[in-house]
Amino acid sequence: MLLACLALAIALVKLQPKMEHEPSAALITSVNVIAVKPYHVRPAILESYGTVEPDILLESKSEVAGKIIYVHPQLRNGAILPKDTVIIRIEQEDYQLALQQAEATANSHRAQLREVQLQTKNLQTELNIVQKKLNLAKLELSRIQSLVKKNSISKSSRDTQQVNVLKLQQEAQKLKHQILTVPEQIANAEAALANSESLVTTQQRNLERTVITLPFNARISERAIDENQYISQGALL
Numbered sequence: 009m010l011l012a013c014l015a016l017a018i019a020l021v022k023l024q025p026k027m028e029h030e031p032s033a034a035l036i037t038s039v040n041v042i043a044v045k046p047y048h049v050r051p052a053i054l055e056s057y058g059t060v061e062p063d064i065l066l067e068s069k070s071e072v073a074g075k076i077i078y079v080h081p082q083l084r085n086g087a088i089l090p091k092d093t094v095i096i097r098i099e100q101e102d103y104q105l106a107l108q109q110a111e112a113t114a115n116s117h118r119a120q121l122r123e124v125q126l127q128t129k130n131l132q133t134e135l136n137i138v139q140k141k142l143n144l145a146k147l148e149l150s151r152i153q154s155l156v157k158k159n160s161i162s163k164s165s166r167d168t169q170q171v172n173v174l175k176l177q178q179e180a181q182k183l184k185h186q187i188l189t190v191p192e193q194i195a196n197a198e199a200a201l202a203n204s205e206s207l208v209t210t211q212q213r214n215l216e217r218t219v220i221t222l223p224f225n226a227r228i229s230e231r232a233i234d235e236n237q238y239i240s241q242g243a244l245l
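All residue numbers for the sequence shown refer to the working numbering, where the first residue is 9 and numbers rise by one.
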């Protein structure tokens, strides 16, 4: 009986259909879309009342004096000019001459400084030569003094050599004194050169200031000068 039940259970398992698993479908989300088309937008015009003031108000003044030789033809009330436009030129001849004179002075002071520096080397070389001569003269004096003691040479030879040694000592002392004064001479020459180079820079700037340009895009509200007019430094343009 038990064997019959077991055989029946096995038969039922074999006859049962196999289970098939279907892959789960991906989730699909619904969305709404619209086609984008170009549109022409017309800006709205708003009418209002009030006073319009510039963001930056510039009252230009001349940094140098001189005769105005050029005025931009559009430099008038209400005109709009772009940045870096040359609006005024002042006669440059006097400033060019001043710059040339300043450069000549600077070159002269530069040459003087080189001369003093070279003089230092020459003095030191000359002192070395004199010092060697002095050492040899002292040795010669010692030799002559030994001969004088032996009565092998006259005392006048000794006296002559002593005078020679004394002259060389004086010459060496003079050169040492000159060398001591050289640093002060160099300092004075450097100061003179610095002043002259500063003057060159000033004259270069003055020459550049004869050409007046706009620092930004600007609308001209007022003009105070005319061509061929002489203006002083600080005059309103």
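Where is the CB? At the ideal position from N, CA and C, for every residue including glycine.
Item	Value
Straight-line gap, residue 128 to residue 103 (C-alpha atoms, nearest Å)	38 Å
Beta-bridge pairing of residue 221 - partner residues as DSSP gives them	94
First and last residue of the uninterrupted beta strand (DSSP E) at residue 79	74 to 79
Beta-carbon proximity check, residue 68 vs residue 245, cutoff 7 Å	yes
Distance between beta carbons of residue 241 and residue 73, contact taken as under 8 Å	5 Å
C-alpha distance - residue 82 paired with residue 92, whole-angstrom precision	14 Å
Neighbourhood of residue 183 by C-beta, 7 Å cutoff - its chain only, sequence neighbours within 5 removed	131, 134, 135, 138
N- and C-terminal bounds of the alpha helix (DSSP H) containing residue 196	163 to 216
For residue 219 and residue 79, the rounded distance between their alpha carbons	10 Å
Three-way DSSP call (helix, strand, coil) for residue 226 in this model	strand
Pairwise C-alpha distance: residue 189 and residue 159	46 Å
The stretch 141 to 150 touching the stretch 166 to 174, judged by at least three CB pairs closer than 8 Å	yes
Local Cβ density within 10 Å of residue 227, reported as buried at 16 or more and exposed below that	exposed
Test item: CB-CB of residue 94 and residue 193 under 7 Å	no
Among 223, 180, 211, nearest to residue 141 - alpha-carbon criterion	180
Same chain, Cβ closer than 8 Å to residue 176, neighbours up to 5 away in sequence not counted	138, 141, 142, 145
Bridge-paired residues (DSSP) for residue 88	227
DSSP three-state assignment for residue 10, whether helix, strand or coil	Low per-residue confidence applies at residue 10: pLDDT is 49, beneath 50, and the placement is therefore not dependable, though the value from the model is reported in the following sentence. Residue 10: helix per DSSP, three-state reduction.
Residue of 108, 223, 237 minimising C-alpha distance to residue 4	Given that the chain is displayed from residue 9 to residue 245, the structure contains no residue 4 and the question cannot be resolved.
Given residue 229 as reference, the closest of 76, 84, 46, 71 once Cα atoms are compared	84
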